[in-house]
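Below you'll find the structure, written out as structure tokens, and then a few comments.
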């Protein structure tokens, strides 16, 4: 890594980490939001109401609350407060660790091990009202890696991101992606499975092994409990352990899928092995088997209006969320993409137009419903006393394309504040310039040293060619993101 | 009671209209008048209670005190808003059906220089995307070769062909076409040190010197093409057919070098935009910028050279980590204040219906309501030289008109009546049909 690259990287991190200038994590301010239209999601709308926040929790909600002393008051007159948005399918904050594509059963891989609290997308998604995200691997494997629910606690180290108490999950994937229809490396043989038939058998095979593994441990533990001595325990298998947790109901299955047939396939396999599918993800043909999903008690987490980027998305319809909701399925709308996550409130609104959901039903798609799907609805997802103070304040009804998030609060901390963000931009710009100057100076030094050695020749004027020529340097190449990556994967089959 | 009957009759009429088959030429009256509606003409102040008359595929009259012609079918516009249909300035409409299935994708030719290929040639009038898109109030689009994402070869070409403008209804391209050749597409070569390798799905790094060398080579090739096209154009102008050997590619470039056909130049980084502007300036070519991710950095240059911009969707993340999170959302307002002319495009096919949403988001971040709507109606029409045909509600223009129950850019607004080339067109589409089919699925 060149010095220039290092300096630029450092500058980028410095800028990224100061972008939100979060308050110290242990400060627990008493906050009072006043005069807001409160969209509780669980018990209707309160016009000109107040929310009192203490110790990171919602302490009181009502038409008027006496201002406690030492409380920081937020006057939200004309503004709307809703529960923090919960994104049931996210790939932010994982250092690009999206796919472990080498094997079809990659349950050994764990997303918790690559959590990256410096990912600027955490902040960007906060600015779009997201407070909780289900962070998953990609969909390259029939059985993918272990997943984790995080709170977007921007400014905190990675180990503080996980949502304590939320059950971990595992990503499954069905259809075109695990059978690698749209991906192939020239000259390399196709990986099994290459058909939807093989996807089922890959999952059945893995669970057959997991069941045997579980049995062997149970037999061993039984004999130990009976007092037998000098037994050799079964060999540990880190790949099968998460699957045993699935069988024991200690780990949720979140399965990527598109087509109606593969949805029913996994429900049959789950029944055969006695485990539950917690959510189907994307599930763009879920509307075709909505009754079966409702009967199985499985959640569905889908897109608002994506379609036609691949064959299995050709029957995708924007009415999917509404139709499944009306048939009794708990439905959420997810992002799958850092940019899409910045406007999930708008994506939820589309279900009012496409399928006629009510305002509250639409709001639930990105709040209470994903909370239920992730088993965290006692903690988050609505504005109720005792729940975590995870809230977003918008300047308009959030189910509008004109709504702009003003403040996002996580555990009672204002982690995004639009005014603060705008006010801080000048200082950041200055800091960036200063760092670039410093870097230029660092590059000049060797040249100057050379000149000093040649000092005797005083007649020669400073040579213009010795100046660093910016035109021939890549401008901040080191901090350039491949912005097309998300779209590539979206177009080429949504590998994410 | 009388009210109930009237409501019922009205509901029945609305139902009939909504259930009309996709094309209804046979049933339609000679003239249609939308009466007592709020009319946003974009050619003056909105008319709070006005009438718009459609005849022979054109807007016949519009105003507060327009007389309804005898025998005209009258649509009660009370509580409704009439606006020009939206114009999506960059799409692959009709050129791409299913992104991942190459046999359904005709949006890019192979090889770097294909000035002679024309989008209109390959637009599939039966594409399912067309009814889906027009149901969102989009009545005309520009189909742009070489604009659609990345194909598996990773290439979109340098001169990718000619973009075509057409209305989103018709039996054949001849019915639909507004203008066959609207602009010549140029994907401005980038100095790419980072590339994405689709075969291995991984990032690849390239030394800057190599990338720069590649870039210089591409620009000199491009210069060579333009030079040859200029000589060719002169030869056509001066001599008889025997004086020169015909070349279809150079012939296609002749209107470009003559300044008759603008170049639609795709570039996002400020450096690339500057280079492209300098190139077009030197070569005396008419330039329209497309993409413009960092247009705000070169806004003074764009204004001084009078170069309009077709912006990408604003609901996108900034290119750089250290840019403000809302960099692309506030850019339209910033360009507007600086006097840079711009439109917003979807740059997509299946996401075309998010066009209004993107314009509304630009408004949410500082653009005026009026400018937001114009960025997806009048301005693309003006930028492409089609404002004499579409973009506003004025007598004589093509009747691409939408009647909505509110702000046409808002997420929850519904298109109640859709007129394309004066024809009342159904908003039925693949998605609605699948919805209705499965809505009526009996319980298993």
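Residue numbers (the working numbering), protein chains in the order written: chain A, 62 to 557; chain B, 2 to 445.
A virtual CB, placed ideally from N, CA and C, is assigned to each residue, including glycine.
All of these numbers come straight from a predicted model, not from anything done at the bench.
Within 9 Å (strictly less), CB to CB, does residue i reach chain B?
i	result
residue 351 of chain A	yes
residue 368 of chain A	yes
residue 415 of chain A	yes
residue 431 of chain A	no
residue 47 of chain A	Residue numbering for chain A in the displayed model covers 62 to 557; residue 47 of chain A lies beyond these limits and cannot be assessed.
residue 481 of chain A	no
residue 239 of chain A	no
residue 467 of chain A	no
residue 195 of chain A	no
State the start and end residues of the unbroken beta strand (DSSP E) segment that holds residue i.
i	result
residue 316 of chain A	313 to 318
residue 89 of chain B	87 to 92
residue 205 of chain A	204 to 212
residue 143 of chain B	139 to 144
residue 39 of chain B	32 to 40
residue 348 of chain A	Residue 348 of chain A -> no beta strand (DSSP E), and no H or E assigned at all.
residue 301 of chain B	No beta strand (DSSP E) holds residue 301 of chain B; the alpha helix (DSSP H) holding it covers 300 to 305.
residue 291 of chain B	288 to 292
By the three-class DSSP mapping on this structure, what secondary structure does residue i have?
i	result
residue 143 of chain A	strand
residue 399 of chain A	coil
residue 132 of chain B	helix
residue 204 of chain B	strand
residue 334 of chain A	helix
residue 517 of chain A	The predicted position of residue 517 of chain A is uncertain, since its pLDDT is 45 and thus under 50; a value taken from the coordinates is nonetheless stated next. Residue 517 of chain A: coil per DSSP, three-state reduction.
residue 24 of chain B	Only weak support is given to the placement of residue 24 of chain B: the predicted model assigns it a pLDDT of 46, under 50, and the value that follows is read from those uncertain coordinates. If DSSP states are grouped into helix, strand and coil, residue 24 of chain B belongs with coil.
residue 232 of chain B	helix
residue 109 of chain A	strand
residue 282 of chain B	helix
residue 321 of chain B	strand
residue 239 of chain A	coil
residue 393 of chain B	coil
Got a sec? Which residues, its chain only, sit under 7 Å from residue i by beta carbon, not counting five neighbours each side?
i	result
residue 96 of chain A	109, 136, 137 and 138
residue 133 of chain B	354, 430, 431 and 432
residue 443 of chain A	101, 102, 103, 144, 428 and 429
Between which two residues does the alpha helix (DSSP H) holding residue i run?
i	result
residue 425 of chain A	420 to 425
residue 165 of chain B	No alpha helix (DSSP H) holds residue 165 of chain B; the beta strand (DSSP E) holding it covers 160 to 168.
residue 261 of chain B	First-last for residue 261 of chain B: undefined, no H or E at that position.
residue 120 of chain A	No alpha helix (DSSP H) contains residue 120 of chain A, which is instead part of the beta strand (DSSP E) from 118 to 123.
residue 268 of chain A	257 to 286
residue 438 of chain B	431 to 440
residue 183 of chain A	181 to 187
residue 373 of chain B	370 to 375
residue 378 of chain A	Where residue 378 of chain A is concerned, there is no enclosing alpha helix (DSSP H), given that its DSSP letter is neither H nor E.
residue 558 of chain A	With chain A covering only 62 through 557, there is no way to say anything about residue 558 of chain A.
residue 406 of chain B	Neither: residue 406 of chain B is in no alpha helix (DSSP H) and is coded neither H nor E.
Within a Cβ cutoff of 6 Å, which residues of the same chain sit near residue i, ignoring the five residues on either side of it in sequence?
i	result
residue 75 of chain A	With a pLDDT of 44 at residue 75 of chain A, under the threshold of 50, the modelled position of that residue is not reliable, and the figure given next carries that caveat. Within the same chain, residue 75 of chain A has no close Cβ partners at all.
residue 266 of chain B	187, 189, 277, 288 and 290
Measuring only between beta-carbons, confirm whether residue i sits less than 9 Å from chain A.
i	result
residue 188 of chain B	no
residue 99 of chain B	yes
residue 24 of chain B	Low per-residue confidence applies at residue 24 of chain B: pLDDT is 46, beneath 50, and the placement is therefore not dependable, though the value from the model is reported in the following sentence. Not an interface residue.
residue 414 of chain B	yes
residue 323 of chain B	yes
residue 157 of chain B	no
residue 436 of chain B	yes
residue 445 of chain B	yes
residue 221 of chain B	no
Could you pull out every residue in the same chain whose Cβ sits closer than 8 Å to the Cβ of residue i, ignoring the five residues on either side in sequence?
i	result
residue 253 of chain A	165, 259 and 263
residue 340 of chain B	304
residue 330 of chain B	315, 316, 362, 363, 365 and 366
residue 245 of chain B	233, 236 and 237
Comparing the CB of residue i with every heavy atom of the ligand MG, is any distance shorter than 8 Å?
i	result
residue 65 of chain B	As far as ligands go, the structure on display features none, and thus does not contain the ligand MG.
Item to complete: State whether the region 391 to 404 of chain A contacts the region 116 to 125 of chain A, with contact taken as three or more CB pairs (one from each stretch) at a distance under 8 Å.
Response: no
Worksheet item: Is the region 82 to 90 of chain B touching the region 108 to 116 of chain B in the sense that three or more CB pairs, one from each, lie closer than 8 Å?
Response: no
Item to complete: Evaluate the contact criterion for the region 409 to 426 of chain B versus the region 379 to 393 of chain B: three or more CB pairs, one atom per stretch, below 8 Å.
Response: no
Worksheet item: Any chance the region 339 to 348 of chain A sits against the region 312 to 325 of chain A, with 3 or more Cβ pairs inside 8 Å?
Response: yes
Practice prompt. For the region 350 to 361 of chain A and the region 66 to 83 of chain B, state whether three or more C-beta atom pairs, one from each stretch, are separated by less than 8 Å.
Written response: no
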